[in-house]
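Report on the following structure.
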Amino acid sequence: MPTTEAPVTLGRRLTRSQKWLDQVAERLQPRVGAALRSRPWLHNLLDGTWLGTPLHPALTDVPVGAWTAAFALDAVSGLTRSPGARAAADGALAVGIAGAVPAALTGASDWQDLTGESRRIGTLHGLLNSAGLTLNIASLACRRQNKRGKGRALSALALAISGTAAHLGGELSFGLGVRVNQTFDGAQPAEFTTVSDEGSDQLEAGEMRRVTLDSTAVLLARDQSGRLCAIANTCTHLGGPLDEGSREGDVVTCPWHGSRFDLRSGRVLEGPAVFAQPRYEVREHDGEIQMRAATEH
9 MPTTEAPVTL GRRLTRSQKW LDQVAERLQP RVGAALRSRP WLHNLLDGTW
59 LGTPLHPALT DVPVGAWTAA FALDAVSGLT RSPGARAAAD GALAVGIAGA
109 VPAALTGASD WQDLTGESRR IGTLHGLLNS AGLTLNIASL ACRRQNKRGK
159 GRALSALALA ISGTAAHLGG ELSFGLGVRV NQTFDGAQPA EFTTVSDEGS
209 DQLEAGEMRR VTLDSTAVLL ARDQSGRLCA IANTCTHLGG PLDEGSREGD
259 VVTCPWHGSR FDLRSGRVLE GPAVFAQPRY EVREHDGEIQ MRAATEH
C-alpha cells in the first residue's frame, strides 16, 4: 500500500533542522507554564475559556490589520505628501503595537502546552512576531524623530516578518490542529446504539469507564446520584484521554494539561480547554447500555 508523506509546508521547511528551537522552548515553556498554573484565573482569561473559543486568533487581527494599514498609508503619504496620510500611518502603527501585547500573551498561553513539531513551529512563530514588534517600535521611534524614510523601511521589513509569522500561525491551526476542537465529528449516531463494552451495566456510582460508540471513544460514568452520564473521552483541548484522568465528585480532570469538565453536561469548568465535551444521552435497555448524541450540550 502506498504511503502518504506529510506535505513540506513553509513551517516544516523552516524548522525541520532547527534543533535550537527545541532548546529555546525547553527553557521557556516551564516558566510560562508555572506562571499560568499559579494563576488559574489568568490562564482561563488568556485561553478564552470564559468565551468558549480560543482568544488568540481574534486578537492577532488587530496588529496584523493595523500594520498592513500603516504600510498602505505610508505608500499613500509617499506618493501624495499628505500630512493626513502620514499621521494616519503613524497612528495605525501605534495601534498595532498596542494590540500586539495581548495577542502575544494569549499566544504564549496557547504555546506552553505544545510538543514536538507544533512546538517548534510555534516557537518560531513567536520569535518572528517578537522581531516584528521590536522593529515596529523602532519604526515609531524613528518617525517621532522625523526619520521617516528609516521608519518606513523598518515597518515594511516588520510587516514581511510578521506576515511570515502569521502564515506559521495558520499552519499551526489548520495544518496541525492546534486549538481546534479535537472532538468534532458530524457523524454521531442520532438513534440509541449499544456501546461495545462488557460490564458497563455494572458501573458503580463514582466510577467512570472508556467505552466505544461506533468508532468514537466515550467516557461513561455514574454521577453522585447514580444516574448514568456520558461525554466524549477525547479532551477537546489537545486530545488527552479523560478516562486516564482523575475524578472528584462529578468533575473529571484531563491527565495531560489539567482541563476540568462536568461529567453530566461536558461543560468546561477550568481551562486550558475552551470547547465543551460533546455529551451523549444514555439509557439502560434490555440489560444493555445504549447511547446517542445529545441534541445539545
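Position in the sequence shown (first residue = 1) + 8 = this note's numbering.
Ideal Cβ placement from N, Cα and C applies to all residues, glycine included.
Considering just the uninterrupted stretch of the alpha helix (DSSP H) at residue i, what are its terminal residues?
{"i": "Phe-79", "result": "64-88"}
{"i": "His-245", "result": "Here His-245 belongs to no alpha helix (DSSP H), and DSSP marks it neither H nor E."}
{"i": "Ser-117", "result": "91-119"}
{"i": "Val-40", "result": "28-45"}
{"i": "Asp-270", "result": "No alpha helix (DSSP H) holds Asp-270; the beta strand (DSSP E) holding it covers 268-270."}
{"i": "His-265", "result": "His-265 -> no alpha helix (DSSP H), and no H or E assigned at all."}
{"i": "Leu-53", "result": "48-55"}
DSSP three-state label for residue i, please.
{"i": "Arg-128", "result": "helix"}
{"i": "Asp-294", "result": "coil"}
{"i": "Arg-317", "result": "Because the chain in this structure spans residues 9 to 305, residue 317 falls outside the shown range and cannot be described."}
{"i": "Glu-199", "result": "coil"}
{"i": "Val-186", "result": "coil"}
Which residues share a DSSP beta bridge with residue i?
{"i": "Leu-221", "result": "Thr-224"}
{"i": "Thr-17", "result": "According to DSSP, Thr-17 bridges with nothing at all."}
{"i": "Ile-169", "result": "Paired residue(s): none; Ile-169 is not in a bridge."}
{"i": "Glu-289", "result": "Arg-300"}
{"i": "Leu-236", "result": "Arg-230"}
Under the assumption that residue i contacts residue j (Cβ atoms under 8 Å), give the Cβ distance between them as a whole number of angstroms.
{"i": "Leu-227", "j": "Val-203", "result": "The pair is not a contact, with the Cβ atoms about 11 Å apart (cut-off 8 Å)."}
{"i": "Trp-281", "j": "Thr-242", "result": "Contrary to the premise, residue 281 reads as Ala rather than Trp in this sequence. Incorrect: roughly 11 Å between the Cβ atoms, too far for contact."}
{"i": "Gln-120", "j": "Gln-37", "result": "5 Å"}
{"i": "Asp-251", "j": "Arg-218", "result": "4 Å"}
{"i": "Val-260", "j": "Met-216", "result": "7 Å"}
{"i": "Thr-191", "j": "Ala-238", "result": "The Cβ separation is near 13 Å, so there is no contact."}
{"i": "Pro-71", "j": "Gly-104", "result": "4 Å"}
{"i": "Asp-98", "j": "Arg-151", "result": "5 Å"}
{"i": "Leu-180", "j": "Ile-145", "result": "Rounded, the Cβ-Cβ distance is 25 Å, inconsistent with contact."}
Give the range of the beta strand (DSSP E) segment to which residue i is assigned.
{"i": "Leu-277", "result": "276-278"}
{"i": "Glu-256", "result": "254-256"}
Can you check whether the C-beta of residue i is within less than 8 Å of a C-beta belonging to chain B?
{"i": "Gln-232", "result": "Reference to chain B is not applicable here, since this structure consists of a single protein chain."}
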